Amino acid sequence: MAEEDDSYSNGNKSKTPIYILFKDCRFVFNLDKLGLEIASIALPAALALTADPIASLVDTAFIGQIGPVELAAVGVSIALFNQASRIAIFPLVSVTTSFVAEEDTIGTASPEENQNDYLETGSSINGETRQLIPERGTDQNAYNSKPVGASFEIVTTNHQKRYIPSASSAMVIGSILGLIQAIFLISAAKPLLNFMGVSSDSPMLKPAQQYLILRSLGAPAVLLSLAMQGVFRGFKDTKTPLYATVAGDVTNIILDPIFMFVFRLGVNGAAISHVISQYLICVILLSRLMAQVDLLPPSIKHLQFGRFLKNGFLLLMRVIAVTFCVTLAASLAARQGPTPMAAFQVCLQVWLATSLLADGLAVAGQAILASAFAKKDHDKATATASRVLQLGLVLGLMLAVILGVGLQYGARLFTKDVDVLHLISIGIPFVAATQPINALAFVFDGVNFGASDFAYSAFSMVMVAIVSIFVLFILSSTNGFIGIWVALTIYMSLRAFAGFWRYVLQNLVHTSMLTHTQFSLAQTDHFAMEFQDRDRNRTLGIPTGVNGCWFTQLEVQEFLCFHCCMISP
1 MAEEDDSYSN
11 GNKSKTPIYI
21 LFKDCRFVFN
31 LDKLGLEIAS
41 IALPAALALT
51 ADPIASLVDT
61 AFIGQIGPVE
71 LAAVGVSIAL
81 FNQASRIAIF
91 PLVSVTTSFV
101 AEEDTIGTAS
111 PEENQNDYLE
121 TGSSINGETR
131 QLIPERGTDQ
141 NAYNSKPVGA
151 SFEIVTTNHQ
161 KRYIPSASSA
171 MVIGSILGLI
181 QAIFLISAAK
191 PLLNFMGVSS
201 DSPMLKPAQQ
211 YLILRSLGAP
221 AVLLSLAMQG
231 VFRGFKDTKT
241 PLYATVAGDV
251 TNIILDPIFM
261 FVFRLGVNGA
271 AISHVISQYL
281 ICVILLSRLM
291 AQVDLLPPSI
301 KHLQFGRFLK
311 NGFLLLMRVI
321 AVTFCVTLAA
331 SLAARQGPTP
341 MAAFQVCLQV
351 WLATSLLADG
361 LAVAGQAILA
371 SAFAKKDHDK
381 ATATASRVLQ
391 LGLVLGLMLA
401 VILGVGLQYG
411 ARLFTKDVDV
421 LHLISIGIPF
431 VAATQPINAL
441 AFVFDGVNFG
451 ASDFAYSAFS
461 MVMVAIVSIF
471 VLFILSSTNG
481 FIGIWVALTI
491 YMSLRAFAGF
501 WRYVLQNLVH
511 TSMLTHTQFS
521 LAQTDHFAME
531 FQDRDRNRTL
541 GIPTGVNGCW
551 FTQLEVQEFL
561 CFHCCMISP
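Residues 1 to 569 (full-length UniProt numbering) are what the sequence shown spells out, left to right.
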């Protein structure tokens, strides 16, 4: 292993870290194997990610026809709902995507390849080592044995269904978090809106509270459907979530004018139509997932709650830091009155909707990188990271031009209020100019997550948020609406720089590849020694009777599944 590391290092001495970012940039638009793989994941993912903000834009356009007060009220409620949702959604989806991609990659590898990877570490596997990874037989209630390292696919039914631990874990966690979010937002709607800057005597309070309460009824569907989207992303299938999302959002757009104007429900109608669309998306995704995956685990021990909670907590820190800055910006805009808040809401929705196009590249990078690390394919990992970053920069530049020109004429689609339109025109240069920065920041996130570099992502974002919060308070108090957008530009620039620092200056791909390999080797040696210490008559000991109490089946399964198959020869 040391010789391999030295060989790699010697072969790359002439390549500075910045070289990695521009590697093969002349082939950025090539539709080679890697380009097609990125496109097949990124395009549907980008469309699916953009579909919901577009539906929110349609909501904003319809509500804007009612009046600026209602538009501002819904803007505050949406910002609050999104803040609460992202705290749960982002860690859940990101962790699920990486874990499912790893499990699915190793599970689809040939049994001989996986077994050889394990045997080459020097550990022996005897014929008595069975039942580490249960597999359904012809009897749905019976589980047959197979050798260690034979496959990462935890359960295969006679109907070719797979059991992926992370998929079941994500579903359970998503359902619980959705219920908690709904209860919290409904019971604390008024104080939360007060915290957001909507005072008790403000005309925005009543419509904002009504919209938030009704919208919160869809929180369980939102969390569960996003958990399932993470599973499909791990399978590199972003088309299924796209179809489900489009079906739901089209339903939302159709129901909006019916509930709002025909039934005269106003902002309540917008919330109701949105909730209906979210449950439709959830039902579609669940039916498709149940056809491919056995979601019922053999036992509670097979769920990967430990891994989810450990890495999810890191990303929870990160997402709180990320979304708090945007929510704080919305709160500061709301404190300036209905007109600045209405303009900020329009600019923010456009800003987020277009920026999420780059998140499609981030999803592709994350899924492909996680798969490459599971296969120990350094060349593909490096090429993928470079390609998605280059595509992200090009996409950002294109969006900057399109928005800079298009918003000058398209702002009237959202409101007819002259004062609101004036402030929107002030915000347009910031929305357009930050697109390349936003694109790079999102793609850097995907690269970090694909490398399972959750710790750096979390702690670096906390530092960025601390600086950005101070900047927001200072600039909003001195420069008002313009100051808020200047502060958001600084915030996104710091996010992009944090990703640049990790990837380019610290050579993330090489570091992560070595970390995966060295950690796996160290764990293998330690694990083998532990087995020998507990029972020296066996190299690997699995409890086979009431007196077999060396390692639990879960300990062995968790180690072998997530480490042994990633060991470098």
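Ideal placement from N, C-alpha and C gives every residue a C-beta, glycine not left out.
On a predicted model such as this, the values are computed, not experimentally measured, just so you know.
Alpha carbons only, please: which of 500, 57 and 47 is nearest the one belonging to residue 78? 57
Is it buried or exposed for residue 302, if we count other Cβ within 10 angstroms and need 16 for buried? buried
Excluding the 5 residues preceding and the 5 following residue 230 in the sequence, name in chain order all residues of the same chain whose CB lies nearer than 8 Å to its CB. For residue 230, the CB contacts under 8 Å within the same chain, skipping 5 residues up- and downstream, are 92, 93, 94, 95, 96, 97, 100 and 170 in chain order.
Do residue 68 and residue 420 have their C-beta atoms within less than 8 Å of each other? Result yes, Cβ atoms of residue 68 and residue 420 sit closer than 8 Å.
Pop quiz: residue 293 and residue 167 are said to be a contact at Cβ under 8 Å. What is the actual Cβ separation, rounded to whole angstroms? Rounded to the nearest angstrom, the Cβ distance from residue 293 to residue 167 is 5 Å, consistent with a contact under 8 Å.
Using three-state DSSP, classify residue 28 as helix, strand or coil. coil
Where do the ends of the alpha helix (DSSP H) carrying residue 245 lie? Taken as a continuous stretch (DSSP letters only), the alpha helix (DSSP H) holding residue 245 covers 239–257.
Indicate whether residue 331 and residue 438 have their beta-carbon atoms separated by less than 8 Å. no
Compare the C-alpha of residue 50 against each of 74, 498, 361 and 461 and name the closest. Cα-wise, what sits closest to residue 50 is 361.
Within 8 Å, strictly: CB atoms of residue 603 and residue 182: Any answer about residue 603 is impossible in this case: the structure gives the chain only from 1 up to 569.
Taking all protein chains shown into account, decide if residue 41 is buried (16 or more other Cβ within 10 angstroms of its Cβ) or exposed. buried
Nearest candidate by alpha-carbon position, reference residue 381, set 370, 390 and 391: 370
Residue 357 to residue 106, Cα distance in whole Å? Rounded to the nearest angstrom, the gap between the Cα atoms of residue 357 and residue 106 is 30 Å.
I believe residue 103 touches residue 44 by the beta-carbon criterion, under 8 Å. Please report the beta-carbon distance rounded to the nearest angstrom. With 8 Å as the limit, residue 103 and residue 44 do not qualify as a contact, their Cβ atoms being about 21 Å apart.
Quick check on residue 447: does DSSP put it in helix, strand or coil? It is helical.
Under 8 Å between the Cβ atoms of residue 450 and residue 368? yes
Buried versus exposed, by CB contacts within 10 Å (16 or more), residue 499: buried
Over what stretch of residues does the alpha helix (DSSP H) that includes residue 417 continue unbroken? Run containing residue 417: none; DSSP gives neither H nor E here.
Do you know how far the Cα of residue 385 is from the Cα of residue 261? 48 Å
Give the secondary structure of residue 438 by DSSP, where H, G and I count as helix, E and B as strand, and everything else as coil. helix
Answer with buried or exposed for residue 191, where buried requires no fewer than 16 other C-beta atoms within 10 angstroms of its C-beta. exposed
Cut-off 7 Å between Cβ atoms - residues of its own chain near residue 496, not counting five sequence neighbours on either side: Here the set comprises 437, 440, 441 and 444.
For residue 198, which three-state DSSP category applies? coil
Of the residues 459, 483 and 460, which one's Cα is nearest the Cα of residue 470? 483
The segment 248–268 / the segment 232–239 touching (three or more Cβ pairs under 8 Å): no
Do you know how far the Cα of residue 82 is from the Cα of residue 180? 15 Å
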